[in-house]
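Chains as they are written, first to last, in the numbering used here: chain A, 693 to 1031; chain B, 45 to 495; chain C, 2 to 234; chain D, 189 to 380; chain E, 261 to 477. Below you'll find the structure, written out as structure tokens, and then a few comments.
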Amino acid sequence: MIKKEPDLLIQATPMLRQEMTTPRAMLDVWIALIPVILAAVWFFGVGALLLLLTTIAGGLMTEWVFTPADKRRGVMRDNSSLLTGLLLGLTLPPGLPLWMAFLGGAAAIGLGKLIWGGLGSNLFNPALVGRAFLLGTFPIAMTTWSPAMGPGHFFEVQGSLFALPFQTPVYDAVSAATPLGLMKFEQQSTALSKLLIGNTSGSLGETSGLLLLLGGLFLLWRRDLDWRIPTAIFASAALFSGLLYLVNPVQFPGPLFTLFSGSLLFGAIYMATDPVTSPLSPRGAWIFGIGIGFLIVLIRGFGGLPEGVMYAILLMNGATPLIDRYTQPRVFGRQARSG
Amino acid sequence: MHSLNPMNLLRGSFRHGVHPAAHKEQTVDLPIQRVPFGDRYLMPLGQHIGAPSKPVVGVGQRLYRGQIIAEPGAFVSTFLHSPVTGRVIDIGPHRHTDGTFKPAIEIEADPYATQQLPPAQTRDWKKLDITAFIGEVQRAGIVGMGGAAFPAHVKYSIPEGQQITELLVNGAECEPYLTNDHRLMVERPEALLRGIEILLEKLGAARATIGVEANKPDAIEILRDHLSPDLPVEVVSLPVKYPQGAEKMLIKAVYGQEVPAGQLPRDLGVTVNNVGTVVAIADWFDTGMPLIERVVTVSGPGAAYPSNLIVPLGTSVRDVLSFCGGLRSETREVVMGGPMMGSPIASLDVPVMKGTSGILAFTNTETLRPPEYPCIRCGRCLEACPYFLNPSRLARLAKARLFSEMKDYRVQDCVECGSCTFTCPSGIPIVQLIRTAKDNLAHASRKGEPT
Amino acid sequence: MNQPVPLPSTREPGSVRLVLSLALAGLISGIAIIGVYEATLPTITANKARELREAVFKVLPGVARMQRLEFIEGSLQPTEGGAVNDQTLYGGYTSNGDLVGYAIPADGPGFQDTIRLLYGYLPKERKIVGMEILESRETPGLGDKIYKDLVFVANFSNLVPDPEILTVKKGTRSAANEVDAITGATISSKAVVRIINEAHIRWQPRLPSVAPAMPLPDNETGPETGKPPREIR
Amino acid sequence: MNELVWIFISALLVNNFVLAYFLGLCPFLGVSGRLDTSFRLGLATTFVLVITALCAWFLNTYILIHAPYLRLISFIVVIASTVQFIEMAIKKLSPALFKALGIFLPLITTNCAILGLAIFATNRGYDLVEGLIFALGAGAGFTLAMVLMAGLREETELSDVPALMQGTALNLIIAGILSMAFMGFAGLFSST
Amino acid sequence: METDKNLDAYQEFVKGLWRDNPVFVQVLGMCPMLAVTNSAINALVMGGATLFVLIGSSFLVASLKKWIPKQVRISLYIIIIATFVTVADYSLLALMPGVHKELGAFIPLIVANCMILGRQEAFASRHGVRFAVLDAAGMALGFTLALFALGSVREILGNGSLFNIPLFGDTFEPWVIMILPPGGFITLGLILLVFNWAAVRKQRFMQQVAEAERETL
């Protein structure tokens, strides 16, 4: 017998939900990056950890200050700023002064996210906005790379990290060119094994090709990323760089070097796949990825900068609304949509 | 972004869709039980898609079981029959399953009646021509039993120049929890095949296919055992995926063809019928029983004793539930139909109708909605939508109240299967937003506003 | 806001009047402009000439007089004004009229935008003795070191442009035809070198080491009458 | 040939008229709300830019060599009358095109990109072919910036932009980020 | 002018500074606004040139309005403005060649500053000389103010100096992006944000005052 009639809810169906949530997806990326973080600390010492913490703090504090009090709880819990700060931190050179890193974190969240209306509204990858801001603002500090060290120097934190705010940093370590810089300005290639393991100079999180791929596989398994985007980037970067290599193997690197050098892997797996700023439809994802690959090869090969991944992704972010608009999926039972 | 699913590569499925947990184990092995007759029955005049029926009985009139109590209000409408022997006590507005009050005939059962059907008149279907056959189907009050309750006779009225070649029997039952079709296939395969035989001959179709999802191996086996070589019937096992039971998805899964938007299955020479509908046709021609009862699954974590039941139409949900032990105290929500597309009811005093396939009780575990996060355009809903719509964009447009722009994104093609909401990691009620938008658009077009 | 006053003339004026008023306005405006132009011309000309002289004297140390020259029909001839083009350069002379060297304008794409520069070349020694950036939009703090970084500029005060100038990593200059690049602004450094290399290839065979043409008398200011067609932005 | 490629790429990407030179900002900020409008305005502007380059070269070669002080006033008068003339010509020759471009043509007169092009081309001493390539590059760059901006702006309509940011403030920030992204093209084809 | 009677000279002058500021409120003249504000001095010179052109043309237009035929008024305004701009251009070239070099093509581009043409059409052609000049001065000063605000922010952060005087010593790390184009866009965007915020605050304050007054009545 029904003893007591419950107060029935009238909530619309479907009653069932799958388990994945947005904060959980953000956390997955974090988990995927843990080996990369460890490698960064291994190669660049505790200073790397300090840098990561600083960018994250810069982002979180900006978010906290500029979010209306009534929305703070929800916003702070979605883990997205935590991820943005980490991603930004991993793209910074190991000797960057902490105050710049903090500023970068603030710019990433402020210019990259809050101004647009918060998570989901931004049209450019916030971490890359932060990095582009830093690169434009402090071009020298952002391109001064310290060499990868080893565990022997684990506790040696570079003095430049602690430069006073607004002051020019003084570097105590000899700077080293990145594999891309060596390639562009001195036509020197770097062994693939070094690129895979990561004991080269470069941004904190971009050096170790193997670990980056490993994290990518984890995300693929968790179905957190659109596999089409990295695949398209790899394919088009390999294709275009291969063509250039065939034309002039002295000036242009081969496809393998192109794929494993610089931040191509990092950008393709963790930055370009940011769902908010990449196209929704499968066809759009292909176009997006191919465009990024092409722009990377264009900027690296013919531009003034040795590296172009960040700009390539930002530029394609800018084109994403257009791509989305013209790649609407064909609706079931209808002919392909024209325009 | 998640179509790595190898199932897509196999024959016999549609693209996209979702895989909610089936939850069928509670009732899948329970034989169908008959609910004893109660004392009051409520027959809403609009239990089907189309115009409501018109009452042909008056208050106080005595009825026998199976007697016609209402006649079609239009071509897309059908007959209603009394589910019990008894007396009309009221004709007027009563609480409907959607929460509103709608006209219904209230019948008081005769407690001393035997509730036997009157002796069957012989209806030799073999002698009927197609028009007479369609008339008989309407006369039996038969509608689609899968949930939509679309009058069956309309479906069989094929316009001049068209020919049905394929009879597709829908045994997919892709909604979680529900096992009523499953049990019907297991327990009454003869009736099902007999209904198929009738339909094949009357519609002139070349063959019949029974599409059953692979998670019902016993049903597939039993049906195959009962096939006779004289009857061109095939039983097809389909990969488990929601919403396989949607007509157009089933056609795509079985024949690999898309029904063009704006067209009907019959334009491809196909007619799709739920197993319940086919059995009801067989019953009418075999025993003369019109559509006055149906199989209902009672299940869900809030149901004390989940069951499969034969319920006379018009029985109140409360009576059905109390027959099988009532609700647990944790129950928060009761849904009529499946958990994906059914509708919640506000009161237990609403009747079981022709389209009621299940009564599901849910507790906090299911009703607690996750906190809603902003859409991060992850694309999971695009991968889920069987109609290849862009639910993310539709939801964002709906939130910005740009309803007319939603038409450019084919909001009208949405069948509201709920796959997008199911799959959304940000917990956005996408399908509800789409429903609101459709309502708004319909309202605007009724008022003749330019949209 | 304020109440607008209806325009004074409500009657449709004839088209003659329209044309007349436009012509009148044009006339008055022309007169005004010519007035200002005439009034400022001497100063502007003097400024430009001074700027040019300063630049020429800077890239050619020890020069006291200069003359604009143009490569016409196989030889260098003194010219007055006119468009500066690929055929123009400046001769630098001692106070008694002996040729010291040439100041050669050259331009080409840099990191950001066109870089325009002037370099001093001694034909006898086949040596570059100075370089001055006239115009560039290189990145502040990085690319702009091509003129702000005196160490870099000093590379060009004693440089052999044959067979060609090479850019090498900072601090590794070891030969007379090498230039130390600026750290972090390799592209801008290379651009300057490339611009000079290209200009050198064009000019080297044309430059006689003895005075091809004597400076015109009283000509030190390098008369720049008329429009300076390649205005220095 | 190489020089021409660089002039084109420079005006299109490296020194994009809008994002690096701030020319044509009024339509860029004002008329970029809708994608099709932006695209058409871009095309119309490109067309006028090319005509202007032609006129500027003609003026420079035949008139201003004698009277340099009339440069500004003759440019502005020529641009204004050219636009007017084009408007009338299109109206007569192709009503369909006029319908598509019509309302934008008067707007173009006040577009400083046109005057800017004439002045830049003169300052750099471009010859006729260089000037035309420059105009094509500038027009394509303007169109590119307009179209990207319009796409982005249409998208922001669906998001909850804070009230204080709505309108020009956000558009400027979008332009700033686009401009930052275009910095990636710096040095393109200048080092090869 | 009869209709000028209800105008208040002070109001006409001040409105351009804040309430109807051509940059912050009307979003006009963006092109010079962003292009020349990479240093305070450039901003001030550009402001001065604009002031000269605007006052001059407003004065002329207001004095000559009786003789300007309606049909060709825009062309005439443009001729007048272009004349003043040419005058300014040559004067600057003669007097301040260094700054003129930095401002480059943007001095001639004052012609295309829609604020100037706008004031002629909207104000000078409809009002007396005195008010036209006051209005022009106010608008131009408002424009200069905005230029200066942007220019000084960009110079201070981007170069660590103001009017080329170093403020923070040699070890200051300049924010290079501020003097690059993106810095212009972003800084102006943020200044507009602050302006909007101040406007909202002011409006709220005025409402509170009004409510308080109503309550006391």
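Just so it is clear, CB atoms sit at the ideal spot from N, CA and C, and this is done for glycine as well.
C-alpha gap between residue i and residue j, whole angstroms
i, j, result
"Leu-1032 (chain A)", "Val-721 (chain A)", "Any answer about residue 1032 (chain A) is impossible in this case: the structure gives chain A only from 693 up to 1031."
"Leu-790 (chain A)", "Val-738 (chain A)", "13 Å"
"Leu-48 (chain B)", "Ser-57 (chain B)", "Low confidence applies here, because Leu-48 (chain B) scores a pLDDT of 36, under 50, leaving its location unreliable and the question unanswered by this model."
"Ile-307 (chain D)", "Glu-199 (chain C)", "27 Å"
"Leu-366 (chain D)", "Ala-255 (chain D)", "41 Å"
"Tyr-120 (chain C)", "Gly-92 (chain C)", "12 Å"
"Met-261 (chain E)", "Leu-267 (chain E)", "Any answer about Met-261 (chain E) is weak, because its pLDDT of 46 lies below 50 and its placement is not dependable; what the coordinates show is given next. Cα-Cα distance, rounded: 10 Å."
"Gly-319 (chain D)", "Thr-835 (chain A)", "37 Å"
"Ile-325 (chain B)", "Pro-356 (chain B)", "17 Å"
"Phe-330 (chain D)", "Trp-194 (chain D)", "17 Å"
"Asn-178 (chain C)", "Leu-160 (chain C)", "6 Å"
"Gly-398 (chain E)", "Lys-275 (chain E)", "7 Å"
"Ser-351 (chain B)", "Met-229 (chain B)", "16 Å"
"Gly-411 (chain E)", "Val-296 (chain E)", "8 Å"
"Leu-314 (chain E)", "Asn-419 (chain E)", "31 Å"
"Asn-3 (chain C)", "Gly-388 (chain E)", "Because Asn-3 (chain C) sits at a pLDDT of 45, beneath the cut-off of 50, its placement in the model cannot be relied upon, and the following sentence gives the value as read from the coordinates. Rounded to whole angstroms, Asn-3 (chain C) to Gly-388 (chain E) spans 12 Å at the Cα level."
Residues that DSSP places opposite residue i in a beta bridge
i, result
"Lys-128 (chain C)", "C:Leu-123"
"Tyr-431 (chain B)", "BP columns for Tyr-431 (chain B) are empty, so no partner."
"Met-712 (chain A)", "Met-712 (chain A) is not bridged to any residue."
"Ala-114 (chain B)", "B:Pro-99 and B:Leu-124"
"Glu-169 (chain C)", "The sequence shown places Val at residue 169 (chain C), rather than the Glu named in the question. BP columns for Val-169 (chain C) point to C:Asp-181."
"Asn-318 (chain B)", "B:Asn-214"
"Glu-377 (chain B)", "B:Phe-406"
Closer than 7 Å at the beta carbon, the chain E residues around residue i
i, result
"Thr-356 (chain D)", "Val-287 and Leu-452"
"Ile-321 (chain D)", "Correct list: empty, because the minimum Cβ distance to chain E is about 19 Å."
"Leu-19 (chain C)", "Pro-329, Gln-331 and Val-332"
"Gly-304 (chain D)", "Ala-365 and Leu-369"
"Leu-678 (chain A)", "Outside the shown range of chain A, which is 693 to 1031, sits residue 678 (chain A), and nothing can be said about it."
Chain D residues whose Cβ lies nearer than 7 Å to that of residue i
i, result
"Ala-457 (chain E)", "Note that residue 457 (chain E) is Trp in the sequence shown here, rather than Ala. Per Cβ cutoff of 7 Å: Leu-352."
"Thr-343 (chain E)", "Ile-261"
Cross-chain neighbours of residue i in chain A, by beta carbon under 7 Å
i, result
"Trp-435 (chain E)", "Thr-829"
8 Å Cβ cut-off: residues of chain B touching residue i
i, result
"Ser-773 (chain A)", "What Ser-773 (chain A) touches in chain B: nothing, since even the nearest Cβ is about 13 Å away."
Within chain B, partners of residue i - CB distance below 9 Å
i, result
"Arg-713 (chain A)", "Before going further, note that residue 713 (chain A) is Thr rather than Arg in the sequence given. Correct list: Pro-414, Pro-415, Tyr-417, Pro-469, Ser-470 and Gly-471."
Amino acids of chain E, ordered along the chain, whose beta-carbon sits closer than 9 Å to that of residue i
i, result
"Ala-33 (chain C)", "Thr-343, Phe-344, Thr-346 and Val-347"
Closer than 8 Å at the beta carbon, the chain E residues around residue i
i, result
"Leu-23 (chain C)", "Val-332, Ser-335, Leu-336 and Ile-339"
Interface partners of residue i on chain C, CB under 7 Å
i, result
"Gly-996 (chain A)", "Phe-112 and Ile-188"
"Phe-877 (chain A)", "Thr-187"
Proximal chain D residues relative to residue i, where beta-carbon distance stays under 8 Å
i, result
"Leu-335 (chain B)", "Ordered by position in chain D, no residue passes the 8 Å Cβ test against Leu-335 (chain B), which lies about 47 Å from the chain."
Contact list for residue i against chain A, beta-carbon separation under 9 Å
i, result
"Ile-416 (chain E)", "By Cβ distance, chain A contributes nothing, its closest Cβ being about 11 Å from Ile-416 (chain E), past 9 Å."
"Asp-457 (chain B)", "Val-1023, Phe-1024, Gly-1025 and Arg-1026"
Cross-chain neighbours of residue i in chain C, by beta carbon under 8 Å
i, result
"Thr-835 (chain A)", "Gly-185"
*Could you pull out every unbroken alpha helix (DSSP H) segment of at least 4 residues lying fully inside the stretch 899 to 959 of chain A, listed in chain order?*
901 to 913, 920 to 939 and 947 to 952
*Could you say if the stretch 329 to 343 of chain E and the stretch 364 to 374 of chain D meet the contact criterion of at least three C-beta pairs nearer than 8 Å?*
no
*asked:* Count Cβ pairs between the stretch 195 to 206 of chain B and the stretch 265 to 279 of chain B that sit closer than 8 Å; are there 3 or more?
replied: no
*Take every Cβ of the stretch 131 to 139 of chain C, pair it with every Cβ of the stretch 98 to 116 of chain C, and state whether three or more of those distances are shorter than 8 Å.*
yes
*Between the stretch 251 to 267 of chain B and the stretch 379 to 396 of chain B, are three or more C-beta pairs nearer than 8 Å?*
no
_Assess contact between the stretch 335 to 343 of chain D and the stretch 976 to 988 of chain A, defined as three or more Cβ pairs (one per stretch) separated by less than 8 Å. Is contact present?_
no
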